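Notes follow once the structure below has been shown.
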Amino acid sequence: MSPRRRKVVPLILFSLPLASSTGFPLEPPSEPLSHVNLQIGTSGPDPNQSGGMIPSTSSPFGMTRWVAQRSWQGVSRTAYGISGSATGTRAEENTDEEEDLIAGFTATRQPAIWMGENAPFSVTPSVGFGDAGSSAQAGEKLVKETVVDFEKRKLKVVKDKRGQKKETTSVGYYSVDLEDGTSKGGQIHVEQTATSRVAHLRFNFTVPSGSASVSPRLLFEVSRPSYLLSASYPPSSSYEQTFTSIPYFPLGSVSFNFTGINRGESPFQFCGSTDERQDHILTPISIADKAKGFKGYFCARFDGEDFTNPSRPKFGVLQNGTLLGFDETLDSHAVGVGEWTARDIPLLSVVAVFPPVRNVQDETRAERVVTLRVGTSFISEEQASKNIDAEVPDKPFGSVLFAQDIKPSTIDKDAYRKPGTFENTAYRVRKEWNDIVERIELVPYLDGKPHEEDERLEVDQGVFWTAAVRTLQYPNEQDEQGRYYSGYDNQVHTLDKDGGSYTGYSIWDTYRAVWGWQILFVPERIGGMVHSMLEDFKQSGWLPMWKNIVETNIMIATHADSLIAEAALKNLTHGWDTQLAFDAVWKDAATAPNNDDKVRYMDREEGVDFEARAGLTSFYNNPGLGFVADDLHSESVSRTLGYAYDDYSASTLARVLKKGRTLEKFLLDRATRAPFDLWNEATGFMEAKNADGSWAGESRGWTEGDKWAYSFDVVHEIPTLIKKRGGKVGFVKSLEDHFNGGHNQHSNEPSHHIPYLYALSGAAFKTQERVREVANENYNNTANGLSGNEDCGQMSAWFLFSALGFYPVNPVSGEYVVGSPLFEKITLSVPDPLTISSPKPSTRKITVIAHGARSKPFVKSLSINGQPVATPLITHSQLMGWVNSDGTRADETTIEFEMSDKVEAWGNDEEVLASLKVAVGDKRRFQTQMTTTPKVNVKKDDGGSACGCQAKTAGSACGCGGSCGCKAKATGLLTDSEKQGCGCAGANEGGKIGGA
């Protein structure tokens, strides 16, 4: 696919203070959050070339996130992004008209667009003509006329005189103005905020004065029509899959208890549930029956006093648009005389109809404000109600009506200080985010002066702060007030002291850098997350691979081994059982899945059990056959390399926990041997093998990558890899072939560490160039601002570490490879891991200083606390101050880079420099102006293409969307001789095959 280069038009960065419809400021002010742009990565030419992000509102690691829904959401769809004139190309599903329409405000637990949704629940405003309070017939009419159909119920976003949408998005607050769908010129101002388990919503319905009996309505979609993405495969050794969308109708329930409300036994609310789980067809068969018990529960509670309040809403229950019951006839047990119960019904909705708007503002407008809170739970309706009490408690009685008439004189500018108010909820959520992100101090220029020539600065700040937020969204909390529901055994469990429960583990992606960033930045969360994985192990028999409520078998290898080993290596063992952890990791290393010799374990294969390490005992563990056979299992090369790395992780854990040298050596030997059993000396690349030892072909055996990326994917044994490529000079040449040939696909994770490998082979200056090149081409602050899927924070974590100037190439080594910092100063003030279990952990300060970093990409020297660092490696112990030359521990760590605009001797081997025709002191042109080049991104296509592009699936020729890989004259990274030698015709950026 031809690359596209665009002039960057940044989205509006929503500065503080934001204001609600009634003029309340949203506190607290926050410089970091003012740069956060949640629209980054929400759009793209198609789902493969999109960040796939959801611009949602919730607390850090929130259980339930709330978002304005523009198109129908499901697996492989970008349903939430907005583009408009400022954001360029949009997702193909969304037309310009659709991007101006909103179908509702949705509670989502979809962790990534490649995964299924779990128990979504939506609220959609509308208006009708009539007065539900005048008669039951009038009320029923208003309910029946409510539009339920997803497409037909959409309302248009209002635009200002400049054509900009009246829509504001931030981490703790969202608002939008919608047309009310009538010809009367009315509008609905919607405001949304949400804690981890509770949404606080406010709807301001406004119509021109004199409009007769315009009644606000809210549609609650409880169980919607859905679909399942089912994969099928030919009955052969081919791994090409065909996907089919299968209609699916989840079941929903609702309950009302007006009698209890009248008696003062319960608040004014209704509750319900849905059992939708789009990934249920991927559930391992040994737990499938248990997991069928999953439900997502909710309670919608309206601000109000009692049942008899005349302004309370009237309710109707609909099934597929047909009225099942209206208002007082709805009871928690039955409608009518026990003839029908509102339990386990498809296409179920509730409509709340409010009294008509009133002329309360002035002579030209009439309005009514409706405020409600929606509690969510995986445990029960009762727990959903308790979550409201705990997270957004009721205001004092008498403070508000169900449908409030707001007058200017009633505006309280200090409302954010008062518990129970919408403003207070928004304040607390924003403060949660601010308290964490303010652990970072970012100083682009130490002189503090404006630098107008730095056109990329605003972009980089937006990307950086948004990345900081994105790495704090996943995994999602699953525990509720000391308890949690497990889909593995369909039981509610009591949480252990200091424990936690989480879901949404995209471990194949996040083990690379997200986990390392969370260990560094939010170490107080790590114990609960590891504890959660161990609870999964106890209840299912296996550690999670891709847990979305329960295991889904998505992706490959057992990289939870890496997460646990890295946490132990970095002294974060508080809150979890280290012996149980080792038992779980050892099971991954030593126990094959059921029917290991019979099941291929294809991508999204249904009707199989836990995948774990498919192929472990059939070939991988046999001396002389240390690989996964391609004619027995899918993605064979990627599996082999992943299992080898996981063995290295297990060996590291055995060493840290002192499990004995014999066991440690067994795992380490297997980890270092297995990758090179697939090394084809004739081609100089990794290649799949069949069970008989024959080569299977260079296009076989890959997961989201190809021979180019995976031949560099032995992060735990780089020295051997360098030898295989002919030593340092040959290895660097192979890296140049990789990048200059257009094979580096940063849109997929197997390429993320590759720019840093130059530094491990005597070409640190090339790492410094390539890292900045990747950052410039793959990140910007528009809706298309991520070249590939965010994958639960991994794209963002790469940028954060790279901005600091180092990256964890091998996460469980305890080392970081040095790159090129992007700002002149970054300070992290984080909880000290050694005091994390104390009531008041001490703070550890880590400061990175890099004078001239914005314009000087090359490193001249590096020191840590004044001690010179001669090689491009930093250890985690140095960051934490655990290693001082005199054996003491420093109070804080200062990493100081001396930057340069020319190639320096530091980190560079003279022989390698000579082979590249580069000398110390050479000035290298470097492009600081941001560019946007979408990359081809294919999820788990095992067929692939030998050119490294996955061209067949992506619909692209071998150009890989990379202008033949030369970067040509536009990037300015290559000398003229290098440009001529790379096979491309000069400055071609049009993307023709071969660069012609």
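Heads up, the sequence shown is in this note's numbering, so the first residue is 14 and it goes up one at a time.
All C-beta atoms, glycine included, are put in the ideal place defined by N, C-alpha and C.
Nothing here was measured: the structure is a model prediction, and the numbers come from that model.
Taking the alpha helix (DSSP H) that residue i falls in, what are its first and last residues?
i            : result
residue 406  : Counting along the chain, residue 406 falls outside any alpha helix (DSSP H), and DSSP gives it neither H nor E.
residue 42   : Element bounds for residue 42: n/a, residue is neither H nor E.
residue 927  : 923-928
residue 784  : 777-791
residue 849  : Run containing residue 849: none; DSSP gives neither H nor E here.
residue 552  : 536-553
residue 483  : 470-483
residue 153  : 149-157
residue 675  : 674-686
residue 48   : Note, residue 48: premise wrong, no alpha helix (DSSP H); not H, not E.
residue 1065 : This structure cannot settle anything about residue 1065, because the visible part of the chain is limited to 14 through 1009.
residue 833  : No alpha helix (DSSP H) contains residue 833, which DSSP labels as neither H nor E.
Going straight from the alpha carbon of residue i to that of residue j, what length do you get?
i           : j           : result
residue 554 : residue 600 : 9 Å
residue 692 : residue 698 : 6 Å
residue 187 : residue 585 : 36 Å
residue 143 : residue 550 : 57 Å
residue 176 : residue 114 : 15 Å
residue 180 : residue 259 : 34 Å
residue 132 : residue 203 : 23 Å
residue 379 : residue 217 : 10 Å
residue 98  : residue 50  : The predicted model places residue 98 with a pLDDT of 27, which falls under 50 and marks its position as unreliable, so this point remains unresolved.
residue 398 : residue 810 : 36 Å
residue 858 : residue 650 : 42 Å
residue 712 : residue 681 : 29 Å
residue 575 : residue 895 : 22 Å
residue 45  : residue 83  : 28 Å
residue 505 : residue 325 : 35 Å
residue 53  : residue 66  : 8 Å
residue 885 : residue 388 : 50 Å
residue 568 : residue 716 : 8 Å
residue 665 : residue 674 : 11 Å
Based on DSSP bridge pairs, tell me the residues matched to residue i.
i           : result
residue 802 : Residue 802 is not bridged to any residue.
residue 856 : 844
residue 491 : The partner list for residue 491 (beta bridge, DSSP) is empty, contrary to what the question assumes.
residue 635 : 638
residue 117 : 82
residue 513 : BP columns for residue 513 are empty, so no partner.
residue 565 : Partner(s): none; residue 565 has no beta bridge.
residue 336 : 331
residue 213 : 206, 386
residue 141 : 228
residue 762 : Residue 762 is not bridged to any residue.
residue 371 : 380
residue 710 : 701
Specify, as a first and last residue, the run of the beta strand (DSSP E) that residue i falls within.
i           : result
residue 85  : Per DSSP, residue 85 belongs to no beta strand (DSSP E) and is neither H nor E.
residue 200 : 200-207
residue 496 : 496-499
residue 872 : 871-877
residue 268 : 264-268
If you drop the 5 nearest sequence neighbours on each side, which residues of the same chain put their C-beta closer than 6 Å to that of residue i?
i           : result
residue 137 : 117, 166, 232
residue 862 : 838, 909
residue 696 : none
residue 580 : 539, 543
residue 431 : 437
Here's a check: name, in chain order, each residue in its chain whose Cβ is nearer than 8 Å to the Cβ of residue i, leaving out the five neighbours to either side.
i           : result
residue 452 : 534, 841, 842, 843
Using C-beta distances below 7 Å, list every residue in its chain close to residue i, excluding the 5 sequence neighbours before and after it, in chain order.
i           : result
residue 622 : 297, 298, 299, 606, 607
residue 787 : 759, 768
residue 876 : 882, 909
residue 892 : 859, 906
residue 508 : 492, 495, 496, 497, 514
residue 817 : 834, 839, 861
Report yes if the C-beta of residue i is less than 7 Å from at least one heavy atom of the ligand HEM; otherwise report no.
i           : result
residue 498 : You won't find the ligand HEM in this model; it holds no ligand whatsoever.
Beta strand (DSSP E) runs wholly inside the segment 432-465, at least 3 long, in chain order:
453-456
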